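I have placed the structure first, in the form of structure tokens, so that the comments after it can refer back to it.
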Amino acid sequence: MTAIIAADRLTIRFGAVTAVSDVSFEVAKGEIFGFLGPNGSGKTTIIKALCGLLTPSEGTGRILGMDIRKDAAEIRRHVGYMSQKFGLYEDLTVAENLAFYAGVYGLDGERAEERTHEVQKLTGIEPYMKRRAGQLSGGWKQRLALACAIIHSPEVLFLDEPTAGIDPVARRALWDLLFQLSGQGVTFFVTTHYMDEAERCGRVGYIYLSKLIAIGTVAELQKLPEANPAGTSRVQIDTANPSAMLDTVRGMAGVREATIFGRSIHALAETDGLGALRAKLPQARVETIEPSLEDVFVTLTYQIMEASR
Amino acid sequence: MRGLFRGLVPVCRKEFLHIVRDPGTLFFALLIPILQLFLFGFAVDTNVRQIPTVVLDESQTQESRRLLESFAGSDVFALRSYATSPEGLYETIRSGKARAGIRIPFDYARRLQDGTTATVLVLVDGSDSTVAGQAMSTSTGVALKESLVRVLPDGTLPIEVRPSVLYNPATRSANFFVPGLIAILLQVMIILLIALSLVREREHGTLEQLTMTPVAPLGLMVGKMIPYGVLAFGELCAILTVMRVVFLVPIHGSVFLLLALSAPFLLTVLGVGLVISTRAHTQAEAFQLAMGTILPSVFLSGYIFLIENMPLFFRGISQLIPATYYIEILRGIILRGAGMGELWVQALVLTLMGCAAILVAARLFVKQGAA
Chain A
1445 MTAIIAADRL TIRFGAVTAV SDVSFEVAKG EIFGFLGPNG SGKTTIIKAL CGLLTPSEGT
1505 GRILGMDIRK DAAEIRRHVG YMSQKFGLYE DLTVAENLAF YAGVYGLDGE RAEERTHEVQ
1565 KLTGIEPYMK RRAGQLSGGW KQRLALACAI IHSPEVLFLD EPTAGIDPVA RRALWDLLFQ
1625 LSGQGVTFFV TTHYMDEAER CGRVGYIYLS KLIAIGTVAE LQKLPEANPA GTSRVQIDTA
1685 NPSAMLDTVR GMAGVREATI FGRSIHALAE TDGLGALRAK LPQARVETIE PSLEDVFVTL
1745 TYQIMEASR
Chain B
3 MRGLFRGLVP VCRKEFLHIV RDPGTLFFAL LIPILQLFLF GFAVDTNVRQ IPTVVLDESQ
63 TQESRRLLES FAGSDVFALR SYATSPEGLY ETIRSGKARA GIRIPFDYAR RLQDGTTATV
123 LVLVDGSDST VAGQAMSTST GVALKESLVR VLPDGTLPIE VRPSVLYNPA TRSANFFVPG
183 LIAILLQVMI ILLIALSLVR EREHGTLEQL TMTPVAPLGL MVGKMIPYGV LAFGELCAIL
243 TVMRVVFLVP IHGSVFLLLA LSAPFLLTVL GVGLVISTRA HTQAEAFQLA MGTILPSVFL
303 SGYIFLIENM PLFFRGISQL IPATYYIEIL RGIILRGAGM GELWVQALVL TLMGCAAILV
363 AARLFVKQGA A
């Protein structure tokens, strides 16, 4: 596989603070790579480093085969970026915003017109071309931001929490667009805190305390040995009143984690103790299940917190 | 070379759009300097005339009245009130109703006739040093002239000084202050406009977006400077028109040269505005920093106080203030009709300062992209 995005032992320090520590990964052409992690875990810093805006303290990275340390200016011509702030000029119209970004990316008149037409069709923003960007709804602002980010037909798109604060319908519409673009060969690097969004990604990396602690497809992550410690089972406990039962379950011997999931409780319990668990909860139905992505990340996070204690 | 300024044209075009989209801000940005020009242009008059004066004439003679007429005739003293006792004289000055007092003693006329020295007391409120200085020199002059007239039988004075004021014959304050005011007004307007424009982009997240594009720092900086530079030129023309038509300040030199030599100053203040915008994170911060540049430019640039009279340290500082050079250019061309031969040094210094400011701003901007 020729990697479109490659990070090789990337480490970024700001003075005494290490924002990114020894992170390596590769993303293949057309892939949608999801990057999960709490706020301040280093997601945006990695994007800035990969776009050549920050020089790594150690390690390196390549975008489309170009060195992020040397070819920053060239990389930016081939890369699109969209953040949760959108980067739109609210006092300019949709058309003026598009024209501005087309100009900034150096598209000449004919090419700019052609691309404007294409992104208009793709995002469906055509009816709003004369409207001021500030008057658009959140969902439309987001589409315009995407249209601006892809006006120069980038081969790689970095999306930094692109759906923060957007309603579910608009979120799904955006994801449909992303899939469409990835089908055309655009490679995506998407950061998010939403688990359901992460599950849409082909592969997911989880960063915690500036370290990349897990990476793989959703199925691979679910089968990670660290997320399924030996001698434990992940169970779903269906009961009439899960919230009243949560503390009881948490207090039981052999239960390592328990949390409410919809109308049931998800718990990580020692397999030997399952009989006792069933015996103590006669009315509840206890079934073993695959861990969800959230389960995996919570388990991994607990392990790191315990190890650092 | 093209790469160095990449993105200049679209940034410039977009910035013009921002300006026309917000006519309210544009209107006030252009109007306020004109209003201030009217305000300060009319208010500032450093010539001391008609100092309110209280008189205690204990002599009440033809001679004492003659002396008072002499004082009144000087145009410096305005005899407004009359006291009846020395306490009354002091009280009128202390209360601020008069700034000078003249006391003619009861033996004034007798002493004149005896040929002994007659003493006249002139009290001056020293709280305003300009007024006090003017009052003292005028009263000395009046006394000297009256004495000579009495001593010389035929009344012709042996020496007469005829001062002739060059360049500003009527010594009108407006001629001196309005040209300097142009520099201050333009500076405030431009620094504020350009600094706020960049900080606004930071606040809205569009700056972050721009750093991810191939726009070069100089392309962004210069692209932003052009529209505000054009705006500043328009404002300069408006201010010069008001100066000429309303304040009747003639421009002795070439108007074309004046406009041409304004460019390096505009370049410098635009650069200073950009430097400020790289240091400020919010519009409020940018506003504070912009305001911080005003006082030194007013007090240390020679606008109000002569640089030659400043302590050495402040004279050094004044040489670092762009307004110092521009005020020399403005006064030189407007008042004295100076040409390029006299002003090339100032123009060169401003050009260098402007380029330095822009390079510093671009440098700070690149470093900041990392944060």
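Line by line, the protein sequences are chains A and B.
Numbering-wise (the numbering used here), the first sequence opens with residue 1445 and increments by one.
Numbering-wise (the numbering used here), the second sequence opens with residue 3 and increments by one.
Ideal Cβ placement from N, Cα and C applies to all residues, glycine included.
None of these values were measured; they are calculated from a predicted model.
Residue i in three-state terms, based on DSSP
i: F1469 of chain A; result: strand
i: E1554 of chain A; result: helix
i: H1710 of chain A; result: strand
i: Y169 of chain B; result: coil
i: R8 of chain B; result: coil
i: T1743 of chain A; result: helix
i: Q1680 of chain A; result: strand
i: E1475 of chain A; result: coil
i: L26 of chain B; result: As written in the sequence, residue 26 of chain B is Gly, which differs from the Leu given in the question. Three-state DSSP puts G26 of chain B in a helix.
i: R1513 of chain A; result: coil
i: E1562 of chain A; result: helix
i: D1640 of chain A; result: helix
i: P144 of chain B; result: Here the sequence assigns Val to residue 144 of chain B, which means Pro is not the residue at that position. In this structure, V144 of chain B counts as helix in the three-state DSSP scheme.
Where the alpha helix (DSSP H) through residue i begins and ends
i: R1576 of chain A; result: It is not in any alpha helix (DSSP H) - R1576 of chain A carries neither H nor E in the DSSP assignment.
i: I319 of chain B; result: L314 to S320
i: T94 of chain B; result: P88 to R96
i: P181 of chain B; result: S175 to H206
i: V245 of chain B; result: Correcting the residue type first, residue 245 of chain B is Met in the shown sequence and not Val. Unbroken alpha helix (DSSP H) run through M245 of chain B: P219 to V247.
i: V1538 of chain A; result: V1538 to V1548
i: L289 of chain B; result: The residue asked about is misnamed: residue 289 of chain B is Phe in this sequence, not Leu. Unbroken alpha helix (DSSP H) run through F289 of chain B: Q285 to G294.
Assigned exposure category for residue i - 16 Cβ within 10 Å defines buried
i: P1669 of chain A; result: exposed
i: D1691 of chain A; result: exposed
i: F179 of chain B; result: buried
i: T1631 of chain A; result: buried
i: T1635 of chain A; result: buried
i: K1724 of chain A; result: exposed
Alpha-carbon spacing of residue i relative to residue j, whole angstroms
i: E1731 of chain A; j: H206 of chain B; result: 50 Å
i: S1677 of chain A; j: Q1666 of chain A; result: 13 Å
i: V57 of chain B; j: T142 of chain B; result: 17 Å
i: E1641 of chain A; j: I1491 of chain A; result: 18 Å
i: A372 of chain B; j: L1498 of chain A; result: Per-residue confidence for A372 of chain B stands at a pLDDT of 42, beneath the threshold of 50, marking its modelled position as unreliable; no derived number is given.
i: M3 of chain B; j: L220 of chain B; result: At M3 of chain B, the pLDDT of 47 sits below 50, so the modelled position is not reliable; the number obtained from the coordinates is stated separately. If I take the Cα positions, the gap works out to 11 Å.
i: L146 of chain B; j: E93 of chain B; result: 28 Å
i: F316 of chain B; j: F301 of chain B; result: 10 Å
i: Q52 of chain B; j: Y305 of chain B; result: 25 Å
i: R1513 of chain A; j: V11 of chain B; result: 28 Å
i: F235 of chain B; j: R67 of chain B; result: 58 Å
i: M191 of chain B; j: L322 of chain B; result: 20 Å
i: A111 of chain B; j: E60 of chain B; result: 10 Å
i: S76 of chain B; j: T140 of chain B; result: 8 Å
i: T158 of chain B; j: P107 of chain B; result: 28 Å
i: E1643 of chain A; j: I1651 of chain A; result: 16 Å
i: A1728 of chain A; j: G1675 of chain A; result: 22 Å
i: R101 of chain B; j: D130 of chain B; result: 9 Å
i: I1486 of chain A; j: A1460 of chain A; result: In the sequence as presented, Ile is not what sits at residue 1486 of chain A; that position holds Gly. Cα to Cα, G1486 of chain A sits roughly 15 Å from A1460 of chain A.
i: L361 of chain B; j: N1483 of chain A; result: 35 Å
i: P54 of chain B; j: G128 of chain B; result: 14 Å
Short CB-CB distance (under 8 Å) between residue i and chain B
i: G1547 of chain A; result: yes
i: S1654 of chain A; result: no
i: L1618 of chain A; result: no
i: Q1581 of chain A; result: Strictly speaking, residue 1581 of chain A in this sequence is Ser, with Gln absent from that position. With 8 Å as the cut-off, S1581 of chain A does not count as an interface residue toward chain B.
i: A1550 of chain A; result: The question names Ala, yet the displayed sequence has Gly at residue 1550 of chain A. Interface residue, yes.
i: D1535 of chain A; result: yes
i: S1501 of chain A; result: no
i: S1626 of chain A; result: no
Test: residue i CB closer than 8 Å to a CB of chain A
i: L2 of chain B; result: Residue 2 of chain B cannot be examined here, being either before or after the span of chain B that is shown, 3 to 373.
i: G26 of chain B; result: no
i: L19 of chain B; result: yes
i: K226 of chain B; result: no
i: P12 of chain B; result: yes
i: R23 of chain B; result: yes
Residue span of the beta strand (DSSP E) that contains residue i, given as start and end
i: R105 of chain B; result: A102 to I106
i: V2 of chain B; result: Residue 2 of chain B is absent from the model: chain B starts at 3 and stops at 373.
i: R1506 of chain A; result: E1502 to I1507
i: Y1650 of chain A; result: R1647 to Y1652
i: F1705 of chain A; result: V1699 to F1705
Residue i Cβ short of 7 Å to the ligand MG heavy atom set
i: Q321 of chain B; result: Absence of the ligand MG from the depicted structure is noted, as is the absence of any ligand whatsoever, leaving it without description.
Check your understanding: If contact means a Cβ-Cβ distance below 9 Å, which residues of the stretch 184-216 of chain B contact chain C?
Key -> Here the protein chains are A and B, and chain C is not one of them.
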